[in-house]
Amino acid sequence: MGAYVALTSLMGTIQQLQLLQSNLDLWNNHVENLNLLYEKVDSLQEFLDISDGEQMDNLHAKVKHIANEAEDEVESQMKVVMEEQDGGLHQKEALERLFEILQRAIGNIDSLKEEVFKHSQNNNLRAGNSSFGDSSSPRLHASTFENDMVGYNFEQEKMLSQLTSGSTQMEVISVTGMGGIGKSTFAKKLFSHPSVLSFFDICGWVTVSEDYSYRKMLLGLLKDANIGMEEELDKKSDSNLAVCLKQSLMSRRYLIVVDDIWSKKAWDDIRLCLPDDDKRSRVLLTTRDVEVAQYASSPKDPFQMHLLDTDDSWNLFYQKALAEKGFPIEFEDVGKEVAKNCKGLPLMISVVAKVLSSKRTLEEWRKVAESVSSLANVDAYQQCSGVLALSYKHLPSYLKACFLYFGVFSKASEISVEKLIRLWIAEGLLKVKGMKGLEEVAALNLNYLIDKSLVIVSKRSFDGKIMTCMIHDLVHDFSLREADSQSLLYIQNTKINERGWVFPLGCRWVSQQFLLDSDRYQFHDLAHSKLRSVSFYRSYRYVDIAKYHFKLLRVLDVEKNSFFCFPQAILDLVLLRYLALRISDSGQLPISKLLNLQTLTKKRRITLFRKTYKLFLGWHLLVAQRKIFEGIKKVRKLEIAGKEQEFLNERGWDNNLEYLKELEALNVAVRYHPISFAMHVLIKASPGSFPPNLKKLTLSGTRLPWNGMNSFSKLPNLEPPMIISNALSVYTSENADTYKRFQKDLQIV
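In this note's numbering, the protein residues as written are 1420 to 2168.
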């Protein structure tokens, strides 16, 4: 996985150079080498995707090392080129050095690709078709944690009715939810119910898993149906076994539980063996994958398992830890806290309860109550994590880094989807194929993780758009451990000693999630220039930023911390792609040197309230200066907000909109003093003053003169609705063309 992250990041760096080629005055041979290097890295990455097995681990580590090394060299020299924009001898030398680095990187990738190819041939690695292998991976069977089902009484009665009544046709009922939420336990409760056992002629259970054996599945179902002798069945081919199973189920009412299925392909294979002859036969299917569940049970919606509430969590915990154990009554209060800390995940509650049932002192129970994560080294906790590891293992390579990045955020925090997507983009974790844009790819990745029950939707907008998301605490713990094992992420949670922080070799991301004793946070000389991301999720009164520590930094998220003025050291971070900070001073933002910057979030504190100024991609801005607009020529979404006086002080700011040739969405909002009676015009609408590619337009409080509205009719791409509030005058014949065009779509507030 680390190899894939390194290669994807390298490809993102190449793309960034390609975008900046005109600004950096790159030569034609630079461009040719960049294109060639991108193609070779892409090819190597695709080959790694179809190569697997423990024997590849060492080679993957080598790929990761060489890819990271190549990226470090390319970005370091890219920084030198950006700093030598004088057109003189030094710039020429910097460009020559960049050319040499690109050529060496191409040679190294070629050698790697050849080595991977030979290695895979020697080990007879196969692409795809893993579903039909005879090997089965280690996994936790449903019986590993035998739980009595708690809650879901109403759902159980409804499901029993669906199983034993209704249509005479064969029906599929799908149950979905995250790993450890109780899908198998729920299915087992239904499977063993007396009304079910008496209703069906044949009841069979097959656990599919992520790399299931088709033959073992067939043999298991035939055994459940008591068909044939085991020795005779072993002699039959797979196709003959499938025919035998279908014939044995024909004209009989059967219930088949298909537990822990991972793919549509696996379901298609099973479905071919199941006859439908109007006997009210049923299939009960469990999966973590919503898409698979919908596919199998269509047109009926799958049943979504939910986390347990406080009462049900306690009831399950009590069954496992306290019932018939003879514990004193004072253990119950601590036990309730432990159950609460498990956050409603049945598997986790059962595992923790089993551990505590063997501990007899109240102090031991209290330690666990403080943090369920304190069980990280307990075997049972590792077993519980193993259930989630299956979900992670089954992710496509290109999604694993996106999933692990959730560890950067604080545990149990609601994460803005907009922020998450822009961080994924800045970190270079997305791979674009075809005509899809980065935002579209990121949205698809997030939805995939949600469908796989690894990410939980927290809030949606009125139109159903996902606004915030989060991950379960147990999933967060797993992501931290996995990211640490890949030397990707370091969580700063201890005091800084005399030697500073101790980072894993090759660490790329640093996240400060715990508040230290001091109110001053200083980046000590870490000699760790390879860091790409530093994020703060705790607030310090003072944060000192030393430029020489982070020369290759892409992400600096210090939004939780307040600066009086813009830190000048940031201007030397010319490779920065994402910057979030809070500034008390209302001065200018000297960001024109930051040519790589994709996202800027600036917030400022005022005595009585906080104001936010936005310039998307994520940007936040107080004044629209010409230098800033020239530095962000490729921005597509722009929001400018401020007080009336601030707009008056920056007369002519709207003339600079012409520099934003690629701008697609513009939102300008002016706030007035409550007793202001002035009628100043704060935006003009002269011909050519608005970018030609503008699609969305919202103007609030600008007091736009209606006699300037005709300019909008000349914007060929403008889409409804166009929103105008606080215009200076009403509709007149002068703006007839505009009114005619937008009479259905223009919203006048």
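Don't be surprised by glycine CBs; every beta carbon is placed ideally from N, CA and C.
Practice task
Tell me whether the beta-carbon of T1595 lies closer than 9 Å to the beta-carbon of T1705.
Solution key: Yes.
Exercise for the section: Determine the DSSP secondary structure at E2077, reduced to helix, strand or coil. Expected result: In the three-state reduction of the DSSP assignment, E2077 falls in the helix class, which pools H, G and I.
Problem - Cβ neighbour criterion (16 or more within 10 Å) applied to H1895 - result: Its Cβ being crowded by 16 or more others within 10 Å, H1895 is buried.
Problem - For E2065 and T2020, believed in contact at Cβ under 8 Å, the rounded distance - result: The distance from the Cβ of T2020 to that of E2065 is about 19 Å, inconsistent with a contact at the 8 Å cut-off.
Handout entry: Cβ neighbours of N1454 in the same chain (closer than 8 Å, five flanking residues each side left out)
Key = Cβ neighbours of N1454 beyond the five flanking positions: Q1437.
Exercise for the section: Return the bridge partner residues of R1879 from the DSSP annotation. Expected result: Looking at the DSSP output, R1879 bridges to I1885.
Problem - Closest by C-alpha distance to F1969, when choosing among S1952, Q1510, D1461, F1573 - result: The candidate whose alpha carbon is nearest that of F1969 is S1952.
Handout entry: Option nearest M1430 by Cα separation, candidates E1833, L1463, N1659
Key = The shortest Cα separation from M1430 among E1833, L1463, N1659 belongs to L1463.
Problem - Simplified DSSP state of M1742, which is helix, strand or coil - result: Here the sequence assigns Ala to residue 1742, which means Met is not the residue at that position. Coil.
Practice task
Leaving aside the five residues before and after L1664 along the sequence, list all residues of the same chain whose C-beta is less than 8 Å from its C-beta, in chain order.
Solution key: Excluding residues within five positions, the ones whose Cβ falls inside 8 Å are L1637, L1640, L1641, A1644, I1646, C1692.
Handout entry: Alpha-carbon spacing of S1835 relative to A1712, whole angstroms
Key = Their Cα atoms are separated by approximately 27 Å.
Handout entry: Per-residue burial, G1601 [other beta carbons within 10 Å of its own, 16 or more giving buried]
Key = G1601 counts as buried, since at least 16 other C-beta atoms from the protein chains shown sit within 10 angstroms of its C-beta.
Practice task
Name the two residues that bound the continuous alpha helix (DSSP H) containing T1780.
Solution key: T1780 -> no alpha helix (DSSP H), and no H or E assigned at all.
Problem - Distance CB(D1678)-CB(W1624) smaller than 9 Å - result: D1678 places its beta carbon less than 9 Å from that of W1624.
Problem - Assumed close pair Y1633, D1688 - CB separation to whole angstroms, cut-off 8 Å - result: The Cβ separation is near 6 Å, so the contact holds.
Problem - Close-in-space but distant-in-sequence residues of the same chain around W1843 (CB under 7 Å, 5 per side omitted) - result: Cβ neighbours of W1843 beyond the five flanking positions: C1821, Y1824, L1849, A1861.
Practice task
Have a look at E1490, F1518, E1901 and flag the residue whose alpha-carbon is nearest the alpha-carbon of N2191.
Solution key: This structure does not reach residue 2191, given that the chain is present from 1420 up to 2168, and the question cannot be answered.
Exercise for the section: Tell me whether T2117 sits in a helix, a strand or coil according to DSSP, three-state version. Expected result: Note: T2117 maps to strand in three-state DSSP.
Problem - For R2001, the first and last residue of its enclosing beta strand (DSSP E) - result: Per DSSP, R2001 belongs to the beta strand (DSSP E) from 1997-2002.
Practice task
Find the nearest neighbour of L1727 within the set N1572, K1683, R1927, T1427, judged by alpha-carbon distance.
Solution key: Distances from the alpha-carbon of L1727 to those of N1572, K1683, R1927, T1427 put N1572 closest.
Practice task
Whole angstroms is fine: what's the gap from G1421's alpha carbon to L2116's?
Solution key: Computed Cα separation, rounded: 43 Å.
Handout entry: Exposure label - Q1987; buried when at least 16 CB within 10 Å
Key = Exposed, by the Cβ-count rule.
Handout entry: W1686 - containing alpha helix (DSSP H), residue span
Key = Where W1686 is concerned, the enclosing alpha helix (DSSP H) stretches over 1683-1690.
Practice task
Quick one: grab the DSSP three-state call for T1595.
Solution key: It is a strand residue.
Handout entry: Segments of 3+ residues assigned as beta strand (DSSP E) that fall wholly inside the region 1624-1678
Key = The qualifying runs are 1673-1678.
Exercise for the section: Determine the direct distance from the alpha carbon of L2113 to that of I1525, and round the result to whole angstroms. Expected result: Their Cα atoms are separated by approximately 40 Å.
Handout entry: A1845 and V1929 closer than 9 Å at C-beta
Key = No, Cβ-Cβ distance for A1845 and V1929 is not below 9 Å.
Problem - Cβ shell of R1879 (< 8 Å), same chain only, five flanking positions each side left out - result: Cβ within range, chain order: I1885, M1886.
Problem - Closest residue to S1428 among A1489, E1858, L1478 (Cα-Cα distance) - result: Here the closest residue by C-alpha is A1489.
Practice task
Evaluate Q1666 with the Cβ neighbour count: other Cβ atoms within 10 Å of its Cβ, from every protein chain shown; 16 or more gives buried, anything less gives exposed.
Solution key: When all chains shown are included, Q1666 counts as exposed.
Problem - Nearest neighbour of L1950, chosen from L1908, L1456, S1981 [CA to CA] - result: Nearest to L1950 by alpha-carbon distance, out of L1908, L1456, S1981, is L1908.
Problem - Which of helix, strand or coil DSSP assigns to A1831 - result: DSSP places A1831 in coil when its eight states are reduced to three.
Exercise for the section: Can you tell me which of the three DSSP states G1421 falls into? Expected result: Three-state result, G1421: helix.
Problem - Reduced DSSP secondary structure (H/G/I, E/B, other) of A2060 - result: It is a strand residue.
Exercise for the section: Answer with buried or exposed for S1954, where buried requires no fewer than 16 other C-beta atoms within 10 angstroms of its C-beta. Expected result: Buried is the call here.
Practice task
Please name the residue, chosen from K1577, V1662, A1685, S1656, that lies closest to V1627 on a Cα-to-Cα basis.
Solution key: Cα-wise, what sits closest to V1627 is A1685.
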